[in-house]
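Heads up: the structure comes next, in structure tokens.
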Amino acid sequence: MEPGMAENWIYKNPNEPVEARTKDLLSRMTVKEKIGQMTQIDRIVATPTAVCDHFIGSILSGGGSIPLEKVLSSEWADMVDGYQKAALETRLGIPMIYGIDAVHGNNNVYGATIFPHNIGLGATRDADLAHRIGVATALEVRASGIPYDFAPCVAVAGDPRWGRTYESYSEDVEIVRNMTSIVSGLQGHPPQGHPNGYPFVAGRTKVVACAKHFVGDGGTDKGINEGNTIMPYEDLKKIHMAPYLDCISRGVCTVMASYSSWNGDKMHSHRFLQTEVLKEKLGFKGFVISDWEALERLSDPYGSNYRASISSAVNAGIDMIMVPFKYEAFIADLTSLVESGEVPMARVDDAVERILRVKFVAGLFEYPMADRSLLETVGCKLHRELAREAVRKSLVLLKNAKDPKKPFLPLDRNAKKILVAGTHADDLGYQCGGWTISWVGSSGRTTIGTTILDAIKEAVGDETEVVFEQNPSPDTFTGQDFSYAIVAVGEPPYVESGGDDPNLIISFNGSEIISSVADRVPTLAILISGRPLVIEPSLLEKVDALVAAWLPGSEGGGITDVIFGDHEFHGRLPITWFRSVDQLPMRYGENSYDPLFPLGFGLTSKNVKLSN
Ligand code: GLC
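Here it is, written out as structure tokens:
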């Protein structure tokens, strides 16, 4: 081929610097190709033809958007590769980037390791553990052919009534900052001297990460999801923006804008914060992605003036739009906005440059297809042991005896007969919570894992009889001589606004189940929840021991490792445990701070308080 022909083009040469490749490719692109790169669509509407015809730059699986029930990673890789082949057939052969919410393991995929949700990881305060979970998650995501993970959520949860509290590591910004180590696990560590704010991905076993949701998602009034965060700029910076500086210094490739507002102004059209602060002041050089149908939420009624919403979002600094369905309308409107000059070409070029930069950094031009050698990592023993370690370290012991001199835990694994009860004792779906196989999550054996009951049966001695009653009646106890009872109750799975809850009562009459058992038998109560829940003083008085287990995920064995004494308690509250919802919002350090258990509280099995 003549010099200057395709194979000599700079952007095709992996030995050229990323910035040279990015600029070269950008200079060759048409407006249509550029707008296509800014367009992300869900797999539900994605076809190879659509990818080809519209130069679609990115495809995602929204929560639960799975090809088929119980589809394995290899079939996910087939699907992603199918779209990629179409993208590579376009004129310039720009690879598309496929994104997914792997927020506690590759949770959409059947058989993947399901780690504790972030609130439980916050209880561990273990940055190294978070890093190792990032490494494992990246492998299992890449095994499905996917190079982009919409994680971590670095929200600072200000009010447990918020439905996404469990996606936050803590109410304490310093704990959240500490746990951003997961970004380096997901993407790899930038080398010494790597420019601050420049995206970084260390090869095919790592993924593009996404710090979300910028900014103030966890600080909304009354914890209303997608609501309004009301505070001075100094507090927004100090509390909600601080973790982004850590993510940026770790080379995070993308940031997702928040649905929420700051002092009444929507984040998706907030040019000062998305461009002047995030990109110019903080030096973020990756790309900003919108949230799902976030542009429709910019107008009232929903989606009413879509063209105007596109203009305000793109001009505010949103680079890639998670449309995710009506992409033809999006492309047509944005094209019209560019032609009219309402969206300057320079803004489009900045957005596309950022997107291309991330794709080059992620190695997508050199390795666009799935690496099938990673398939063996999905749900592997090593990862499940890591998840089990995380569960152990996340458990917070809130009470361990009616008489502190007679600790109730650890339990006797060789007791003659024990009762296991509660709605959450034998429900894998409940212990995984939201964002598991489906968007909302659900009850039952939704994936591969170990329930609390499974783990108890494995842990106790051969002579120990285990009786399981989900909802015990008085008859359960007739003629029975139980040595003790383990009662697991809590919340059903939920996501986003579906989880907003002003009452925070233990679901399915969980308090009554605990009470009726504890009236008859020495009882350990285990709470499976995404946040603190109401514990009446009378209930607390009745139980012999109380453990907050958060949303532990697939490895229930981590719970029995600790309650039977193979490991000591380690976890400390990442969030204040209120007495009553009437106290909310209640934050550590405020003078009206009167919690049932304060931020940082946690006991060892010897009733020794763990230090902060
Ligand atoms: C959701 C969430 C966001 C997620 C995105 C894609 O609405 O707000 O956290 O990454 O959509 O599923």
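Using my numbering, you'd call the opening residue of the sequence shown number -5 and step up by one each time.
Backbone N, C-alpha and C fix where the C-beta goes; we use that ideal spot for every residue, glycine too.
Whole-angstrom C-beta distance between residue j and residue i, which should lie under 8 Å
i, j, result
"I312", "Q268", "7 Å"
"G28", "V342", "Reading off the sequence shown, one finds Lys at residue 28, where the question assumed Gly. Sure, about 5 Å apart at Cβ, within 8 Å."
"L368", "P89", "So it is not a contact: roughly 18 Å between Cβ atoms."
"G179", "A132", "7 Å"
"R171", "D240", "5 Å"
"A149", "C204", "Going by Cβ atoms, the distance from A149 to C204 rounds to 13 Å, so no, they are not a contact pair."
"I91", "Y142", "5 Å"
"I176", "G99", "Not confirmed; about 12 Å, so no contact."
"G51", "G30", "6 Å"
"V201", "C147", "Wrong, their Cβ atoms sit about 15 Å apart, outside the cutoff."
"P401", "I557", "Not a contact, Cβ separation roughly 12 Å."
"L289", "H262", "7 Å"
"V249", "V282", "5 Å"
"I242", "G277", "7 Å"
"H418", "V483", "5 Å"
"W544", "G114", "3 Å"
"V390", "F462", "That belief does not hold up - the Cβ atoms of V390 and F462 are roughly 25 Å apart, past 8 Å."
Residue i, buried or exposed, once every other Cβ within 10 Å from all chains shown has been counted against 16
i, result
"E452", "exposed"
"S599", "buried"
"S607", "Past the edges of the chain, shown from -5 to 606, lies residue 607, and the structure says nothing about it."
"A106", "buried"
"L292", "buried"
"K399", "exposed"
"T517", "buried"
"S612", "Residue 612 lies beyond the residue range present for the chain, which begins at -5 and ends at 606; the question has no answer from this structure."
"D120", "buried"
"S586", "exposed"
"I522", "buried"
"E549", "buried"
"M23", "buried"
"P8", "exposed"
"V25", "exposed"
"P(-3)", "Caution is warranted here: a pLDDT of 48 is assigned to P(-3), below 50, making its placement in the model unreliable, and the coordinate value is therefore given only provisionally. The residue in question, P(-3), is exposed, as its Cβ has fewer than 16 Cβ neighbours within 10 Å."
"A326", "exposed"
"E605", "Checking the sequence shown, residue 605 turns out to be Ser, not Glu. Per the 10 Å Cβ criterion, exposed."
"A14", "exposed"
First through last residue of the alpha helix (DSSP H) which encompasses residue i
i, result
"E134", "121 to 137"
"K353", "339 to 355"
"M73", "67 to 82"
"T16", "12 to 22"
"E490", "Premise fails: E490 is in no alpha helix (DSSP H) and is neither H nor E."
"S505", "504 to 512"
"P468", "468 to 471"
"V556", "551 to 557"
"I304", "300 to 310"
Simplified DSSP assignment, three categories, for residue i
i, result
"M316", "strand"
"M90", "coil"
"Y163", "coil"
"T329", "helix"
"H48", "helix"
"T517", "strand"
"F462", "strand"
"I499", "coil"
"L533", "helix"
"K375", "helix"
"S334", "helix"
"F109", "coil"
"Y104", "coil"
"K603", "strand"
"S178", "helix"
"D143", "strand"
"I35", "strand"
"V575", "helix"
"N9", "coil"
"F595", "coil"
"V170", "helix"
"T214", "coil"
Where the beta strand (DSSP E) containing residue i begins and where it ends
i, result
"K28", "It is not in any beta strand (DSSP E) - K28 instead sits in the alpha helix (DSSP H) that spans 25 to 31."
"I480", "478 to 484"
"L540", "539 to 542"
"F208", "204 to 208"
Short CB-CB distance (under 7 Å) between residue i and chain C
i, result
"C241", "Within the model displayed, chain C is absent; a lone protein chain is all it includes."
Within the stretch 382 to 455, note down every full beta strand (DSSP E) run reaching 3 residues or more, in order along the chain. If one requires a minimum length of 3 residues, the beta strand (DSSP E) runs lying completely within the stretch 382 to 455 are 390 to 394, 411 to 415, in chain order.
Run through the stretch 236 to 287 for me and flag every whole beta strand (DSSP E) of 3 or more residues, listed as ranges in chain order. The qualifying runs are 248 to 251, 281 to 283.
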